[in-house]
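The numbers in numbering that gives the first Met the number 0 rise by one with no breaks, and the one at position 4 of the sequence shown is 3.
Every residue gets a Cβ at the ideal spot worked out from N, C-alpha and C, and that includes glycine.
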Amino acid sequence: MGKNKGFGIIKNRVTKEGDYIRRKTYICKHGKKYTSNSNKNINTKKISCPWHLNASCSKENNPNSSVFINKVVDEHNHELNIKAIAFREGKRFSNKMLEDIQFLTNHCKMAATAQKRYLEAKYPIHLLYSKDLYAAIQKFHSTAKSLSNDAAKMSN
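Now the structure itself:
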């Protein structure tokens, strides 16, 4: 709906029962209204956009755990910023780049700065932002928990 038209969507509210998500509300990234505690004049992207979607997964009479859309308000009070969407799509890492990042992180133990230089040389037309690279590297870092499992202990 909104995302198909290029509008940014975020999760707003989630209701869980144990490990199961029962209800979820999605809103436009411009939804809600920001109230400042400061006297400074600030800009915000929160402009009370009315777009939202309510989804639920009922426990009763729902053997397949189907998700139902309960309500959709499919209207925005702002224009679509095409440049922002093109920017977001243009900075996304390709699958080949993610494979390189995983290899450089796990096998070469290469630091982020060195990885950025390598990727900039290998993919000169792709925009690389440090924040995005750090997030991708973090996905591939082995955690202390994964290093303490039985398979890791056997390899020592």
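- The segment 33-96 contains, as complete beta strand (DSSP E) runs of 3+ residues, the segments 51-55, 67-72 (chain order).
- Leaving aside the five residues that flank K15 on each side, the residues in its chain whose CB is nearer than 7 Å to its CB run, in chain order, R21.
- By the neighbour-count definition (other C-beta atoms within 10 Å, threshold 16), A135 is a buried residue.
- As computed with DSSP, I20 is found in a beta bridge with K15.
- Excluding five sequence positions before and after L52, the CB atoms of its chain that fall closer than 6 Å to its own CB belong to Y25, V71, given in chain order.
- Exclusion of the five residues before and after Q114 leaves L103 as the residues of its chain whose Cβ lies within less than 6 Å of its Cβ.
- Taking every protein chain shown into account, the CB of C48 has 16 or more other CB atoms within 10 angstroms, so this residue is buried.
- Boundaries of the alpha helix (DSSP H) harbouring K115: 111-121, taken from the DSSP string.
- In the DSSP assignment, C107 is bridged to no other residue.
- If you ignore the 5 residues before and after K45, its C-beta comes within less than 8 Å of the C-beta of H29, G30, K31, K32, Y33, all in its own chain and listed in chain order.
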